[in-house]
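Below is one structure; the comments refer to it alone.
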Ligand SMILES: Cc1cc2nc3c(=O)[nH]c(=O)nc-3n(C[C@H](O)[C@H](O)[C@H](O)COP(=O)(O)OP(=O)(O)OC[C@H]3O[C@@H](n4cnc5c(N)ncnc54)[C@H](O)[C@@H]3O)c2cc1C
């Protein structure tokens, strides 16, 4: 168990092997894995409510994170709580990209109101993991150049010092830990905003699979989830913000009237949570380590939610970190070595994806190379499978482009031959479902 003593003017002082700031998906996954690896872990979460959850999230977990959920033993309880295992279908101006159903990857979808408390219970039930609610971290502690812990304040203003050789920032896209540590951050502008709500009594064409509409540059999605609900989401470009600001509910319903092959929401029942939205979603990519410190989840990489990657990457980055630092926390090697391993793995898996996502996040239209892949995937099942593996984040951009580009060129050439005289340039959408 943690050692506790008094710390001068700062109330109680406790020592652990790792202190994690943020008790959401990334923080609880890392705590569980580190606890199982034999480390003593404190999780500090500012919300005092064990049932707290992230309210603005469409919670589509990509297939890339399914092995992590399985390893955490979380997939089964999620399914028991009503989670769905949807595939992704994408409507483009060239028609639907529908990867062959038997080969298509399946993500997981469960509302955050169920998932977040479940992840927190999982961490709290892990031996040697202590989840402390209602604790807001306000300061980092240092020993020389290394981060050596944090100061947390409870709701009555009582401070606790938590010391640990490893501090983990899992405190989300506006990470205070990242800010306090001064790690380098790159920001990329976001040219869209998001609104959405849960509806009952209407379902998209592919339900219970998910549907995404790339209306270039506008975007919409329908995510069937637990309890027979479907989350309908819109991510229009910023110029349309005034339409939504006045009456988001009416604007969302009107927006879907213009979405091709989408169901009308006019007679569907909106859940009592209503329509929620987020306007500022600046992309942030941070260097995920510093001496004595690691960032996971959105704290390390907060990227455009349009491609639904943040929850999966929160789980996966937690797993990568736990695997990388467990030997050091057992005293088998220097912590810096483990942190270097984590930084390399994070970059290898996510940097390429993030760069492509940040490019499209500006609100621009698709570029020729992207149009080639989208049109090829709509016209050919092999390209659709590569598109699916990339979109569900199971393969990287280099792999997807190397294999997908020649196949997409062939698919488009065949299509052009079949439709001679009726087709304009590849990627114009002429003669398509647009
Ligand atoms: C509109 C929108 C739609 C999205 N849709 C999807 C989607 O479909 N699929 C997907 O994968 N991702 C989606 N995301 C992204 C996803 O919500 C995040 O990537 C994910 O929640 C990140 O998890 P996390 O654990 O890193 O951080 P968070 O879930 O943000 O959790 C951070 C935690 O840290 C706590 N905290 C913060 N500061 C402190 C502090 N100082 N002291 C103590 N605790 C603190 C917070 O209370 C919170 O519990 C969406 C995001 C948005 C905005």
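Numbering (this note's numbering), first residue to last: 59 to 492. Built from N, CA and C at the ideal position, the CB exists for glycine as well.
Could you tell me which of 442, 100 and 452 sits nearest to residue 185, measuring between CA atoms?
Reading the chain shown from its first residue, position 127 is the one you call residue 185. Per the Cα distances, 100.
Determine the contact status of residue 375 and residue 404, defining contact as a CB-CB distance below 9 angstroms.
Here residue 375 refers to the residue found at position 317 when the chain shown is read from its first residue. Here residue 404 refers to the residue found at position 346 when the chain shown is read from its first residue. In this structure, residue 404 lies closer than 9 angstroms to residue 375 by Cβ.
Any idea what DSSP makes of residue 219, helix, strand or coil?
As a first step, residue 219 is located in the chain shown; it is residue number 161 there, counting from the start. DSSP places residue 219 in strand when its eight states are reduced to three.
For residue 339, the three-state DSSP class (helix, strand or coil):
By one-based count along the chain shown, residue 339 stands at place 281. Annotated three-state conformation of residue 339 is coil, per DSSP.
Go to residue 282, then tell me how far its alpha helix (DSSP H) extends in each direction, as first and last residue.
Within the chain shown, residue 282 is the residue found at index 224, counting from 1. Residue 282 -> not in any alpha helix (DSSP H); beta strand (DSSP E) instead, spanning 276–282.
Determine the burial state of residue 322: buried for a count of at least 16 other Cβ atoms within 10 Å of its Cβ, exposed for fewer.
If you number the chain shown from 1, residue 322 lands on position 264. Flag for residue 322 reads exposed.
Going by C-alpha to C-alpha distance, which of 328, 343, 280 and 306 sits closest to residue 320?
What you label residue 320 is simply residue 262 of the chain shown in a count that begins at 1. Per the Cα distances, 280.
Measuring only the C-alpha atoms, how far is residue 173 from residue 471?
Start at 1 with the first residue of the chain shown, and residue 173 comes out as number 115. Start at 1 with the first residue of the chain shown, and residue 471 comes out as number 413. The alpha-carbon atoms of residue 173 and residue 471 are separated by roughly 45 angstroms.
Whole runs of the beta strand (DSSP E) within the region 173–244, excluding any shorter than 3 residues:
Those beta strand (DSSP E) runs which fall completely within the region 173–244 and span 3+ residues are 187–191, 194–201, 204–211, 217–221 and 224–227.
Ordered list of beta strand (DSSP E) runs contained in the region 297–361, each at least 3 residues
Taken in chain order, the whole beta strand (DSSP E) runs of length 3 or more contained in the region 297–361 are 334–336, 341–344 and 351–353.
Heavy atom of ligand 1 less than 8 angstroms from the Cβ of residue 509, yes or no?
The structure shown does not extend to residue 509, since the chain is modelled only from 59 to 492, so the question has no answer here.
For residue 273, the residue or residues it bridges with in DSSP:
For this step, residue 273 is matched to residue 215 along the chain shown. In the DSSP output, where bridge partners are listed per residue, residue 273 has 276.
Option in 283, 197, 314 and 359 with minimal Cα separation from residue 102:
What you label residue 102 is simply residue 44 of the chain shown in a count that begins at 1. From the listed residues 283, 197, 314 and 359, the smallest Cα separation to residue 102 is found for 197.
Is it the case that the CB of residue 305 approaches a heavy atom of ligand 1 more closely than 8 angstroms?
Reading the chain shown from its first residue, position 247 is the one you call residue 305. No, Cβ of residue 305 sits at least 8 angstroms from all heavy atoms of ligand 1.
Quick one: Cα of residue 157 to Cα of residue 449, how far?
Numbered from its first residue, the chain shown carries residue 157 at position 99. Numbered from its first residue, the chain shown carries residue 449 at position 391. Taking C-alpha positions only, residue 157 is separated from residue 449 by approximately 11 angstroms.
Count the CB pairs spanning the region 323–343 and the region 379–390 that are closer than 8 angstroms, and state whether there are at least three.
No, because fewer than three Cβ pairs between the region 323–343 and the region 379–390 fall closer than 8 angstroms, the two stretches do not touch.
Can you list, in chain order, the residues of its chain whose CB lies under 7 angstroms from that of residue 421, leaving out five sequence neighbours each side?
Numbered from 1 along the chain shown, position 363 holds the residue referred to as residue 421. Same-chain partners within the cutoff: 249, 250, 275, 295 and 296.
Nearest to residue 177 by alpha carbon, out of 82, 237, 140 and 273?
Position 119 of the chain shown holds residue 177. Selected option, being the one with the closest Cα: 82.
Which term fits residue 120, buried or exposed, when burial requires 16 or more other beta carbons within 10 angstroms of its beta carbon?
Stepping through the chain shown from its first residue, residue 120 is reached at position 62. The residue in question, residue 120, is buried, as its Cβ has 16 or more Cβ neighbours within 10 Å.
Neighbourhood of residue 246 by C-beta, 6 angstroms cutoff - its chain only, sequence neighbours within 5 removed
Against the chain shown, residue 246 aligns to sequence position 188. Only 341 and 416 meet the Cβ criterion.
At what residues does the beta strand (DSSP E) containing residue 254 begin and finish?
Position 196 of the chain shown holds residue 254. Start and end: 252–258.
Check for me: the beta strand (DSSP E) holding residue 99 runs from which residue to which?
On the chain shown, residue 99 is found 41 positions in, with the first residue counted as 1. Per DSSP, residue 99 belongs to the beta strand (DSSP E) from 99–103.
Can the beta-carbon of residue 444 be found closer than 9 angstroms to that of residue 455?
The residue labelled residue 444 in the question sits at position 386 within the chain shown. The residue labelled residue 455 in the question sits at position 397 within the chain shown. No, the Cβ-Cβ distance between residue 444 and residue 455 is not below 9 angstroms.
Residues bridged to residue 146 by DSSP?
Here the question's residue 146 lines up with position 88 in the chain shown. Answer by DSSP bridge pairing, in chain order: 268.
Applying the criterion that 16 or more other CB atoms from any shown protein chain within 10 Å of the CB defines a buried residue, is residue 308 buried or exposed?
What you label residue 308 is simply residue 250 of the chain shown in a count that begins at 1. Exposed, by the Cβ-count rule.
Coil, strand or helix - residue 383 by DSSP:
The residue given as residue 383 occupies position 325 in the chain shown. Taken through DSSP and simplified to helix, strand or coil, residue 383 comes out as helix.
Assess, as a yes-or-no matter, whether the region 214–233 is touched by the region 346–358 under the definition of 3 or more beta carbon pairs within less than 8 angstroms.
Two segments are said to touch when three or more pairs of C-beta atoms, one from each, lie closer than 8 angstroms; by this definition the region 346–358 touches the region 214–233.
Does the beta-carbon of residue 371, which I'm using as the reference point, lie nearer than 8 angstroms to any heavy atom of ligand 2?
Of the ligands this structure carries, namely ligand 1, none is ligand 2.
Could you pull the start and end residues of the alpha helix (DSSP H) that residue 458 belongs to?
Taking the first residue of the chain shown as position 1, residue 458 is located at position 400. Segment 455–476, the alpha helix (DSSP H) holding residue 458.
Cα-Cα separation, residue 213 to residue 317
Locating residue 213 in the chain shown gives position 155, counting from the first residue. Locating residue 317 in the chain shown gives position 259, counting from the first residue. Spanning the two alpha carbons is a distance of roughly 46 angstroms.
Endpoints, the beta strand (DSSP E) within which residue 153 is located
For the purposes of this step, residue 153 is identified with residue 95 of the chain shown, where counting begins at 1. Note, residue 153: beta strand (DSSP E), 153–155.
Assign residue 114 to buried or exposed, taking buried as 16 or more other Cβ atoms, counted over all protein chains shown, within 10 Å of its Cβ.
On the chain shown, residue 114 is found 56 positions in, with the first residue counted as 1. That one is exposed.
Given that a residue counts as buried once 16 or more other Cβ atoms are within 10 Å of its Cβ, and exposed if not, what is residue 131?
Residue mapping note: residue 131 aligns to position 73 of the chain shown, counting from 1. Residue 131 is exposed by the Cβ-count criterion.
For residue 147 and residue 264, which I take to be in contact (beta-carbon distance under 8 angstroms), what is that distance rounded to the nearest angstrom?
Here residue 147 corresponds to residue number 89 of the chain shown, with the count starting at 1. Here residue 264 corresponds to residue number 206 of the chain shown, with the count starting at 1. Confirmed, Cβ separation roughly 5 angstroms.
Let me know the secondary structure DSSP gives residue 114 once reduced to three states.
Locating residue 114 in the chain shown gives position 56, counting from the first residue. If DSSP states are grouped into helix, strand and coil, residue 114 belongs with coil.
Provide the residue(s) that pair with residue 514 in DSSP beta bridges, ordered along the chain.
Lying outside 59 to 492, the shown extent of the chain, residue 514 is not represented and no answer is given.
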